[in-house]
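Residue numbers (the numbering used here): 81 to 514. So the structure is just underneath, and the comments pick up after that.
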Ligand SMILES: Cc1ncc(COP(=O)(O)O)c(C=O)c1O
């Protein structure tokens, strides 16, 4: 998170300063009032244009006001389609379930029941935790260093960030944090380390109900788990009767180059959490995918008023028809990912003062800067130069690039050029100060 203070800007933000809670955060990083957005661009009240390398924190993989999705949504509303439906059966939901099964699950040989929890990521995580505990009869859940799973109490208990955890105000129980892949350097295999704890009756760590992980920790600093590590964790879960939950909320829906981020590892998690870009239009929606034999819920045992956001089902169904019926879109994302990689590698090489390391995969990449405060400064200058980009990592040390997946070459190049200019102007400013 970056915070920019300027008297001119604070004047602009007067209403928000006066009337909205202090808890707001993104408007401090991007202190302007936005009025309009299209594909990968946003405009503010002064008519200034911004390139979006943030994509609604991963909720806008298909861009702002995607025309294909918008057309379906407008038609649906104009025809008085159901808007609110709890978990009642509706045509919009039926269509989504059928399409999701045909276009996403079946071709990947994935047999899962679809649960609709409340329409946010943390709701999906809470439902996964509850179900894993119910099915196994165990309480403990193992998560990983630098994990982020959401802001409700169950999700916070399995998240690493101390600032966010402290906000809970109550003890966060029934979870143990273990080192993520590479957390202890190249020489320590943290999957073996974890297994040692589980096999040893003296370790103080009980057999958990589940292990929950992100294949790429987005908020946690763009930390990518290797395919080998993911396979090892899956194997150890199977061997020890532990459920494997993959939280694909931020890096699913194509972000890393495949629909599910774990596809290259060939693993089959027991439970999968999806949200953010599943509706495709920025409309709230979440899914929990459950292996059929684990679907032990009693009817109504995990309820919620806004589980049936039918306009979201309409746009979600259209994303499947428009982008996922063949592999064209996936290949485009992978190609754009390679382009981003090459550009970032070049930047890091040409600017050793960044002490930068390029991290990430597909269209979730970034530069980890080993200089305190530098990533924040780069993002803040980039914003002034018309690029919306966030930091990640426990100390906001990573410049995180997450453009909408539909961005064209011109948009991508323009955004990358603004990033480079921002690094150059920061360098100049520091030279003047020195
Ligand atoms: C991996 C992951 N899980 C869960 C969440 C929580 O989602 P939400 O903010 O919709 O509750 C997030 C949000 O950033 C996330 O990145």
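Idealized CB from N, CA, C, for every residue including glycine.
Counting only the same chain and skipping the five closest in sequence on each side, list residues whose C-beta sits under 7 Å from that of residue i.
| i | result |
| --- | --- |
| residue 247 | none |
| residue 194 | 177, 180, 367 and 369 |
| residue 214 | 376 |
| residue 465 | 498, 501 and 502 |
| residue 421 | 438 and 445 |
Could you have a look at residue i and say whether DSSP puts it in helix, strand or coil?
| i | result |
| --- | --- |
| residue 153 | helix |
| residue 246 | helix |
| residue 224 | strand |
| residue 273 | helix |
| residue 449 | strand |
| residue 128 | coil |
| residue 497 | helix |
| residue 367 | strand |
| residue 333 | coil |
| residue 103 | coil |
| residue 232 | coil |
| residue 278 | helix |
Could you work out which residue in the options is closest to residue i when comparing CA atoms only?
| i | options | result |
| --- | --- | --- |
| residue 271 | 282, 291 and 286 | 291 |
| residue 150 | 392, 479, 444 and 511 | 392 |
| residue 136 | 508, 485 and 509 | 485 |
| residue 489 | 413, 177 and 390 | 413 |
| residue 251 | 259, 235, 265 and 263 | 235 |
| residue 320 | 394, 206, 280 and 269 | 280 |
| residue 198 | 340, 231, 386 and 336 | 386 |
| residue 120 | 507, 492 and 288 | 492 |
| residue 186 | 232, 443 and 405 | 405 |
| residue 456 | 202, 443 and 471 | 471 |
| residue 168 | 384, 443 and 259 | 384 |
| residue 249 | 231, 323, 365 and 442 | 231 |
| residue 438 | 430, 448 and 432 | 448 |
| residue 218 | 196, 153 and 254 | 254 |
| residue 336 | 170, 410 and 380 | 410 |
| residue 287 | 461, 324, 191 and 460 | 324 |
| residue 173 | 182, 183 and 162 | 162 |
Just to confirm my understanding: we take residue i, look at its own chain, exclude 5 residues before and 5 after, and list those with CB closer than 8 Å. What are they?
| i | result |
| --- | --- |
| residue 276 | 283 |
| residue 467 | 130, 131, 133, 495, 498, 499 and 502 |
Which partner residues of residue i appear in the DSSP bridge assignment?
| i | result |
| --- | --- |
| residue 110 | Paired residues: none, contrary to the question. |
| residue 436 | 449 |
| residue 117 | 122 |
| residue 186 | Answer is none; residue 186 lacks a bridge partner. |
| residue 290 | 221 and 323 |
| residue 255 | 221 |
| residue 351 | 325 and 370 |
| residue 467 | 131 |
| residue 296 | 304 |
Kindly list the residues whose CB is nearer than 6 Å to the CB of residue i, restricted to its own chain and excluding five residues on each side of it in sequence; keep chain order.
| i | result |
| --- | --- |
| residue 165 | 388 and 390 |
| residue 140 | 362 and 484 |
| residue 114 | 122 and 124 |
| residue 309 | 261 and 271 |
| residue 312 | 271 |
Taking Cβ positions only, does residue i come closer than 8 Å to chain C?
| i | result |
| --- | --- |
| residue 356 | Absent here is chain C; the protein component of the structure consists of one chain. |
Any chance you could list the residues with Cβ under 6 Å from a heavy atom of ligand 1, keeping chain order?
-> 137, 200, 201, 202, 205, 228, 229, 230, 294, 298, 299, 327, 329, 330 and 355
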